[in-house]
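Trainee:
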Amino acid sequence: MDLRLTDDELAFRAEVRAFLRDNLPASIREKGVAGRKLSKDDYVRWTRILADKGWAAPHWPREWGGMGWSPIKQSIFLDEVQRGHAPEAIAFGVSMVGPVIYTFGSQAQKERFLPRIVDLRDWWCQGFSEPGAGSDLASLRTSARRDGDSWVISGQKTWTTMAQYADWIFVLARTNPQAKKQEGISFFLVDMKTPGITVRPIETIDGGHEVNEVFLDEVRAPLDALVGEENKGWDYAKFLLANERNGIARVGISKARLDRLRELAAIPVYGSGPKMQDPFFRAKIAAVEVELKALEMTQMRVISNRRNDGKPDPASSVLKIKGSEIQQATTELLMEVVGPYALPYEAPDGRTNEPPVGFDWAGPLAPAYFNNRKVSIYGGSNEIQRGIIAKAILGL
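Each residue of the sequence shown is one higher than the one before, counting from 0 in numbering that gives the first Met the number 0.
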């Protein structure tokens, strides 16, 4: 298999890189380089710049605002966005519920929701995980029952990212408690303004408000809130999660972190020469670079063999495991560079645990390190992914 880019693909990479250079607002780029959190307005502003170009949801079908790009071009675009410190598309709309809607939804759902996802008029969040049903998602307890012209949904979701901003939530709920647990689940689209929905913030270890608990207390949704067929929600969830895991590899993010790592390691930090002068440290960087190149090649092979039958590719689990491990390794190396100057650290909302000392770039590094402990858990923990690989790829 020849994994080299063609002349057309190389020209496309140059086009994307030039567009980012000329159109990404400097204030947003600076936040990305420094590792500081973006605001909702930052995401909306950049998404609408992309939408004007036609690039807000380029992997979608053309009829719904996409570009019809090949999987390789999609990968190049994502890689350049990540490495260029631009905000990634809000995955819950563009990469998760959007493809579910245009693949399995009704015509009315497509016409209503898809245009508003493309330009971020609607912000979505994911109502999957529950207390006691995270990696074992099929054990969820949230229920939905028909009552006249409505579905009545009750339960609790947790670790719901950015629910504080969301206009809509896509929810997995059990509609047939007598069926085998994977076969009695349905997929719903619910307006977050519906009475009975309560959002409670969870403060994460880095001091940020990124995730939430969402309570649904006898929430009434119209019958057309159901996507596809009743009790087929587990199939739609697997389709969605495969898309999520492909994104979790985040090769471009790791490339950008390595670029930043080399830059900061060239600066004398605390009473000695630059960290890059340490041969053992250089060996650690080289080891991560080798693993990242192997991950990038593996991702290219997975993309080249991408299935078009709506079923998840178990090979995406390989990308999820290795990608999350490399992301964590890069934050560990950044912590090694900054050393004790990471102790006074800057939370995502700007708070500091004590007055900062040393370099102004040191403050966000510790929160990024702590926050990245999560990447081997969300989207299906790495232990779950190893089980998928053992069963679906190795046949064990």
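Cβ atoms here follow ideal geometry from the backbone N, Cα and C, with glycine treated the same way.
Being a predicted model, the structure only gives us computed values, none of them experimental.
Which first and last residues belong to the beta strand (DSSP E) in which THR197 is found?
Mentor: 196–202
Trainee: Please state the DSSP three-state secondary structure of ALA346.
Mentor: coil
Trainee: Rounded to the nearest angstrom, what separates ALA341 and GLY83 at their Cα positions?
Mentor: 25 Å
Trainee: Please list the terminal residues of the continuous beta strand (DSSP E) segment that includes ARG20.
Mentor: Judged by DSSP secondary structure, ARG20 falls outside any beta strand (DSSP E) and instead within the alpha helix (DSSP H) spanning 6–22.
Trainee: Among SER185, THR159, ARG44, which has the Cα closest to the Cα of ARG120?
Mentor: ARG44
Trainee: Can you give me the C-alpha to C-alpha distance between LYS319 and THR330, rounded to a whole angstrom?
Mentor: 17 Å
Trainee: Taking the straight line between their C-alpha atoms, what separation do you get for SER316 and GLN106?
Mentor: If you draw a straight line from the Cα of SER316 to the Cα of GLN106, it is about 32 Å long.
Trainee: Is the CB-CB distance between GLY362 and TYR344 below 8 Å?
Mentor: yes
Trainee: Among ARG115, TRP167, VAL151, which one has its Cα closest to the Cα of CYS124?
Mentor: TRP167
Trainee: Return the residue from the list VAL189, ARG3, GLY183 that minimises the CA-CA distance to ASP223.
Mentor: VAL189
Trainee: Quick one: what does DSSP say PHE214 is sitting in, helix, strand or coil?
Mentor: Looking at PHE214 - three-state DSSP - the assignment turns out to be strand.
Trainee: Determine contact between the stretch 98–115 and the stretch 137–147, defined as no fewer than three beta-carbon pairs at a distance below 8 Å.
Mentor: no
Trainee: Closest by CA to VAL301, which one among VAL268, SER26, ILE392, VAL99?
Mentor: Answer by Cα proximity: ILE392.
Trainee: Under 8 Å: do the stretch 200–217 and the stretch 176–186 share three or more Cβ pairs, one atom per stretch?
Mentor: no
Trainee: First and last residue of the beta strand (DSSP E) that includes LEU260?
Mentor: No beta strand (DSSP E) holds LEU260; the alpha helix (DSSP H) holding it covers 250–264.
Trainee: If you follow the alpha helix (DSSP H) that ILE387 is part of, which residue opens it and which one closes it?
Mentor: 381–387
Trainee: Smallest Cα separation from ASP312: which of GLU79, LEU240, ASP277?
Mentor: LEU240
Trainee: Cutting at 6 Å between CB atoms, please list the residues of its own chain near ARG173, excluding the five before and the five after it.
Mentor: Hits under 6 Å: SER142, GLY183, ILE184.
Trainee: To the nearest angstrom, how far is the alpha carbon of GLU87 from that of GLY154?
Mentor: 30 Å
Trainee: On the CB-based measure, 16 or more other CB atoms within 10 Å of its CB, does MET296 come out buried or exposed?
Mentor: exposed
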